[in-house]
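Enquirer: Counting from 80, one number per residue, gives the positions in the sequence shown under this note's numbering.
Quick reminder that beta carbons are idealized off the backbone N, C-alpha and C, glycines included.
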Amino acid sequence: PIVCSRYAETVGVPAIFGREFFGELMQLGEHGAKKLLLSHPDQSAQISLPEAELDIDEEADIEGLDSGKPRLIFTRSKQP
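(1) In terms of DSSP beta bridges, what is residue 122 paired with?
(2) Helix, strand or coil for residue 134? Go by DSSP, reduced to three states.
(3) Alpha carbon to alpha carbon, how far is residue 119 from residue 99?
(4) Is residue 91 helix, strand or coil by DSSP?
(5) What residues in its chain sit with their C-beta under 6 angstroms from that of residue 124, if we drop five residues either side in the sequence?
(6) I'd like to know whether the C-beta atoms of residue 91 and residue 116 end up nearer to each other than 8 angstroms.
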């Protein structure tokens, strides 16, 4: 099974994948898991999480945030 977030009319991270998907995940390389999430809709439970639409990859992404409003922030770490 897969449990993933639903936001902005799509699915994405955060997501949890069952062991049976580990092989496919390892083949993704630098690409995100969205393709995998979209290819197995019958095996996924989607949880509405509109806050997950905010994606912070670099320091510059943080500059536009409204500091007066608490938010959930999800980040992706870059591999060296």
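Expert: The answer reads as follows:
(1) Residue 122 pairs with nothing; no bridge assigned.
(2) strand
(3) 12 angstroms
(4) strand
(5) 82
(6) yes
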